[in-house]
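First comes the structure, then the notes that go with it.
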Amino acid sequence: MACQRHKEITAFQQQFCELLNRLGTWLKANAGKVHKSFVTVRDGGLLFLLVRNSVAFDAELEDALTDLDLATAQDSAFDLIELNVLALPMASEESYRTFLAPSFTWAYDAE
Amino acid sequence: MPSEQARVELAVRNQAALDHLASDPEKYCEWIATIAFYKALQVVEAVFTHDPDQQHGDNHGRRHGILKGKKCYSHIWKYYRPLWSASAIARYLRAPEGPHFSSFSQYMAPDQVYPLLVGHYLHQVQMSARQFLSEDAQKKLGLRVLSKTKKAGQRRKH
Chain A
168 MACQRHKEIT
178 AFQQQFCELL
188 NRLGTWLKAN
198 AGKVHKSFVT
208 VRDGGLLFLL
218 VRNSVAFDAE
228 LEDALTDLDL
238 ATAQDSAFDL
248 IELNVLALPM
258 ASEESYRTFL
268 APSFTWAYDA
278 E
Chain B
53 MPSEQARVEL
63 AVRNQAALDH
73 LASDPEKYCE
83 WIATIAFYKA
93 LQVVEAVFTH
103 DPDQQHGDNH
113 GRRHGILKGK
123 KCYSHIWKYY
133 RPLWSASAIA
143 RYLRAPEGPH
153 FSSFSQYMAP
163 DQVYPLLVGH
173 YLHQVQMSAR
183 QFLSEDAQKK
193 LGLRVLSKTK
203 KAGQRRKH
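Order-wise, the sequence lines are chains A and B. For the first sequence, the numbering used here assigns the number 168 to the initial residue and increments by one for each residue that follows. For the second sequence, the numbering used here assigns the number 53 to the initial residue and increments by one for each residue that follows.
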């Protein structure tokens, strides 16, 4: 039982590391539009939260995020992970922090 | 679990609220975003009543997982996710006056809210969903009804 649990945790950790790589690649491709990015916990799963560097709605970025979201969800390499993606407009840190879980938030540095 | 009919009736009530609020988008843009998303949610739940594998979304996380995980629902998700995103910003992003975001109308201009969220994204959710819905549900949602033959053909494409 404990051994099985250990295997599951190891598998999740591997998938999580691979997910960070995938998100990093996406961030590099869209770096000009992103101010800050985080992986946090929300609604019982992981949330890839972006804070854009502009305020007005950006349909192109939303489409790109949806494509990333679908590709990740339908990739068996991430079958242990539930991920949502959300892009916020440029906002103060005080404002976007309300979307971040104090218990687990990983600030992304694409560099 | 609510039936397809119950879900569609809630969706129709949401649409009535949207039509009412559309008269003053400047004042109600956050509510238009929020109700557009909840109408889409009811349409999705109506679709799930026909899915033997997924009878109920339970919560946002599970509902999202179903829509994203099954390829037959990918087209619904493509238009549902921006509605979820806009409603989350409308409901939860609060900020003081300042150089950055301080109101939903800065994010989405009031004259764009209804055409974009209802006229485009919500409309596309419903058009993508109708192949899964009964003819009665399609009629109540004001959609041009897909015949059974066409529905079967569209499902095979997925």
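The beta-carbon is built from N, C-alpha and C at its ideal position, and this holds for glycine as well. Predicted model, so just to flag it, every value in this text is computed and none were measured.
For A/Phe266, the C-beta contacts it makes with chain B under 9 Å involve Ala140, Tyr144, Leu145, in order along the chain.
Within the same chain, and ignoring the five residues on either side of B/Tyr125 in sequence, the residues whose Cβ sits closer than 6 Å to its Cβ are Leu119.
Distance between B/Ala88 and B/Ser75, taken at the CA atoms: about 15 Å.
Sixteen is the threshold: when 16 or more other Cβ atoms of the shown chains lie within 10 Å of the Cβ of A/Arg219, as they do, the residue is buried. For B/Gly113, the residues of chain A that pass the 7 Å Cβ criterion are Asp210, Gly211, Gly212, Glu249, in the order they occur in the chain.
A contact between stretches requires three or more CB pairs, one per stretch, nearer than 8 Å, and the stretch 206 to 225 of chain A fails this requirement with the stretch 84 to 98 of chain B. With fewer than 16 other Cβ atoms inside 10 Å of its own Cβ, B/Asp188 counts as exposed.
Annotation: B/Arg59 to B/Ala98 spans about 5 Å, alpha carbon to alpha carbon. In this structure, the beta-carbon distance from B/Ser139 to B/Ala68 does not fall below 8 Å. Of all residues in the stretch 216 to 248 of chain A, the ones placed with a Cβ closer than 7 Å to any Cβ belonging to chain B are Val222, Ala223, Phe224, Glu229, Thr233, Asp236, Leu237, Ala240, Gln241, in chain order. At the C-beta level, B/Ala147 and A/Ala258 come within 8 Å of one another.
Using a CB distance cut-off of 8 Å, B/Met160 counts as an interface residue toward chain A.
For B/Gly117, the closest Cβ of chain A is nearer than 8 Å. For A/Arg264, there is no enclosing beta strand (DSSP E), since its DSSP letter is neither H nor E. Counting C-beta pairs closer than 8 Å gives fewer than three between the stretch 259 to 277 of chain A and the stretch 231 to 242 of chain A, which falls short of the contact rule. For B/Gly150, at least one C-beta of chain A is nearer than 8 Å to its own C-beta. If the five residues before and after A/Val222 are omitted, its C-beta is found closer than 6 Å to the C-beta atoms of Pro256, Met257, all from its own chain and listed in chain order.
Note on geometry: alpha-carbon atoms of B/Leu193 and B/Ser154 lie some 35 Å from one another.
Here A/Leu217 really is in contact with A/Val201; their C-beta atoms are around 5 Å apart, less than 8 Å. Using a Cβ distance threshold of 8 Å, B/His102 and B/Phe156 do not count as a contacting pair.
Comparing alpha carbon positions, the residue from B/His127, B/Gly117, B/Glu149, B/Gly113 closest to B/Tyr173 is B/His127. B/Tyr144 sits exposed, since fewer than 16 C-beta atoms from the chains shown fall within 10 Å of its C-beta. Inside the stretch 104 to 146 of chain B, DSSP marks whole alpha helix (DSSP H) runs of 4 or more residues at positions 112 to 121, 126 to 144, from first to last along the chain. Under the Cβ criterion of 8 Å, A/Ser204 is not counted among the residues facing chain B. For the C-beta of A/Leu255, the chain B residues within less than 7 Å are, from N- to C-terminus, Ile141, Leu145.
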